[in-house]
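K.L.:
So that we are looking at the same thing, I have put the structure below in structure tokens.
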Amino acid sequence: MPATSMEELVSLCKRRGFIFPGSDIYGGLQGTYDYGPLGVELKNNLKAAWWRANVYERDDVEGLDSSILTHRLVLRHSGHEATFTDPMVDCRTCKSRWRADHVKNGKCEKCGGSDLTEPRPFNMMFKTTVGPIADESSYAYLRPETAQGIFVNFKNIVDSTSRRLPFGVAQIGKAFRNEITPRNFIFRVREFEQMELEFFVQPGSDEDWHSQWVAARLQWWRDQGLTSDNLEAYHQAADELAHYAKATVDILYRFPHGMEELEGIANRTDFDLGSHTRSQADYNLSAHVDPNEDSTAKLVIPDPDTNKPIVPFVIEPSAGVDRGVLAILTEAYTKETLENGSERIVLKLKPHLAPIKVAVLPLARNKPEIVEKAKSIKNSLMATGIGRVFYEDTGNIGKGYRRHDEVGTPFCVTVDFDTLGRGDDPALTDTVTVRDRDTMAQERIAIHELAGYVRERLK
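Residue numbering for the sequence shown follows this note's numbering, starting at 171 and increasing by one per position.
Next comes the structure, spelled out in structure tokens:
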């Protein structure tokens with residue numbers, strides 16, 4: 171079964187080099203984490219799978235990588251300056267600070283006291299200054315979401331690609347939110363990555379497209395290894411919707427701390443493009459135009475039926491990369507009791523997500539001819555483009571197997587004396603032993619067949 175406690179995952183992640191606390195040698199910086207040697211591979215593989223499914227395998231989506239630093243007027247007109255807030259309370263007893271909606275039974279989570287301040291709004295955006303002078307005219311924001319970079323580039327993309335409705339723009343990138351109380355490991359943090367897609371559609375077709383994207387995103391998460399039993403589509407009630415949303419469906423996952431949002435699919439209507447469009451004579455979107463404060467862009471596109479310019483509606487599937495990594499680690503984490511009574515931990519990751527695809531182990535690391543052959547096989551497998559192939563020279567085959575079980579490596583390849591033709595069976599010359607992570611079954615494979623054998627099973 172999947173991991174049942176966050177402690178199990180935190181221990182594994184630090185022990186095996188997936189995720190470390192940010193600024194750890196100085197006591198840590200709350201709400202920040204660093205991805206280690208294996209974590210960055212898993213994270214990159216997840217992002218690559220998302221990009222492949224949403225950009226390469228579709229004919230109606232383009233990609234974008236917009237700036238993290240964001241003009242303050244972008245976030246003013248998007249509504250973030252006015253509405254991007256969480257309710258905050260302080261504990262007068264221990265001076266700790268909490269999100270009001272996280273406080274249970276009116277008691278402080280740290281000291282248990284009930285002497286709390288009244289909730290007050292707290293804007294979560296990180297503000298910074300641009301240039302040498304710090305004043306009201308020089309500040310900007312670290313973007314709280316990647317979406318606005320897509321909206322303000324809408325005209326650039328349409329003009330440069332000649333796209334027509336329906337089409338989408340995908341982006342993966344960093345976002346920043348000054349969370350009052352980061353919690354649950356990498357689930358709620360202050361610096362994170364998003365995988366967002368804005369899919370522009372003709373008004374009137376938005377509800378059908380919304381349903382299609384909900385189904386597509388649920389299936390994609392299943393393809394990454396999450397089981398239907400741990401996934402749920404939650405339709406937000408009217409009083410839960412964000413200021414821009416007509417409808418939102420949250421994909422919830424059963425994390426160790428409970429059912430929580432993994433991805434949201436929102437029908438944002440024409441709110442964003444309309445908010446950034448300022449041409450009252452034609453679109454009547456604002457009663458007043460300030461040339462210093464308002465955009466002069468017309469973020470419109472021809473209607474497919476009438477060819478008249480319209481502000482399209484947009485469907486937004488938005489997923490957190492970090493939450494995706496946490497969900498995949500949770501689902502893959504498996505404890506097994508073996509026949510001899512010992513226990514092994516194995517990450518049963520989908521092969522395309524595994525940080526290491528194949529580990530090559532020499533039976534004896536003090537035998538130069540075996541080491542040389544193992545490294546040659548490692549290099550030849552790497553040259554096929556299957557992903558990272560790791561040369562494992564711990565010197566103890568059993569420990570090597572256990573290590574790679576624990577980090578999710580699908581296959582271990584062992585090079586021994588038979589490989590070199592020095593064993594008891596000449597027929598085993600130029601063969602290696604391939605061990606399967608999940609079943610622990612071992613199979614003897616000819617070296618010239620190894621690349622095809624592995625590639626077929628990594629699909």
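C-beta: ideal position from N, C-alpha, C; glycine also.
Of the residues T299, A407 and I435, which one's Cα is nearest the Cα of V419?
P.N.:
I435
K.L.:
Looking only at DSSP bridge pairs, what is G434 linked to?
P.N.:
D420 and S488
K.L.:
Using the three-state DSSP reduction, which class does A407 fall into: helix, strand or coil?
P.N.:
coil
K.L.:
For R267, which option in P352, Y196, W379 and Y226 has the closest C-alpha, if you only look at C-alpha atoms?
P.N.:
Here the closest residue by C-alpha is P352.
K.L.:
Check the C-beta distance from W221 over to A340 and give it rounded, since I have them as a contact under 8 Å.
P.N.:
7 Å
K.L.:
Do you know offhand how far A304's Cα is from T298's?
P.N.:
Straight through space, the alpha carbons of T298 and A304 are spaced by roughly 9 Å.
K.L.:
At what residue ranges does the stretch 560 to 601 contain a whole run of the beta strand (DSSP E), taking only runs of 3 or more?
P.N.:
581 to 585
K.L.:
Am I right that N215 and H522 are in contact with their C-beta atoms under 8 Å? What's the rounded C-beta distance?
P.N.:
6 Å
K.L.:
Output the boundary residues of the beta strand (DSSP E) element that contains L239.
P.N.:
L239 to H241
K.L.:
Helix, strand or coil for R228, going by three-state DSSP, please let me know.
P.N.:
coil
K.L.:
Just tell me which of V231, A385 and T603 has its CA closest to the CA of F337.
P.N.:
Per the Cα distances, V231.
K.L.:
With distance defined between alpha-carbon atoms, name the residue in M176, R185, S175 and T174 nearest to E576.
P.N.:
When only C-alpha atoms are compared, the closest one is R185.
K.L.:
Do you know offhand how far K207's Cα is from V371's?
P.N.:
Going by the sequence as given, residue 207 is Pro instead of Lys. Whole-angstrom Cα-Cα distance: 41 Å.
K.L.:
With DSSP as the reference, label N400 as helix, strand or coil.
P.N.:
helix
K.L.:
Who are the near neighbours of T397 in its chain, counting only those whose CB is closer than 8 Å to its CB and skipping five residues on each side?
P.N.:
Result list for T397: E501, in chain order.
K.L.:
Less than 8 Å between the CB atoms is what I'm expecting for L286 and D260, so what's the real figure, rounded?
P.N.:
About 7 Å separates the two Cβ atoms, so the contact holds.
K.L.:
Nearest-angstrom Cα distance between H618 and N536?
P.N.:
25 Å
K.L.:
Tell me which same chain residues have a C-beta within less than 7 Å of the C-beta of P191, skipping the five on either side of it?
P.N.:
Excluding positions up to five away in sequence, the list reads G198 and Y203.
K.L.:
By how many angstroms is the C-alpha of D376 removed from the C-alpha of N323?
P.N.:
So the alpha carbons of these two residues sit roughly 21 Å apart.
K.L.:
Is the beta carbon of E349 closer than 8 Å to that of M294?
P.N.:
At a Cβ-Cβ threshold of 8 Å, M294 and E349 count as neighbours.
K.L.:
Would you kindly report the start and end of the unbroken alpha helix (DSSP H) that includes Q364?
P.N.:
Careful: Q364 lies outside any alpha helix (DSSP H), inside the beta strand (DSSP E) at E361 to V371.
K.L.:
With distance defined between alpha-carbon atoms, name the residue in P479, I515 and G511 nearest to K505.
P.N.:
I515
K.L.:
Between P474 and the rest of its own chain, which residues show a CB-CB distance below 7 Å, the 5 nearest in sequence each way excluded?
P.N.:
R334, L335 and Q372
K.L.:
Excluding the five sequence neighbours on either side, which residues of its own chain have a C-beta within less than 7 Å of the C-beta of Y414, listed in chain order?
P.N.:
G249, R438, F441 and D442
K.L.:
What is the DSSP secondary structure of M176, reduced to helix, strand or coil?
P.N.:
Three-state result, M176: helix.
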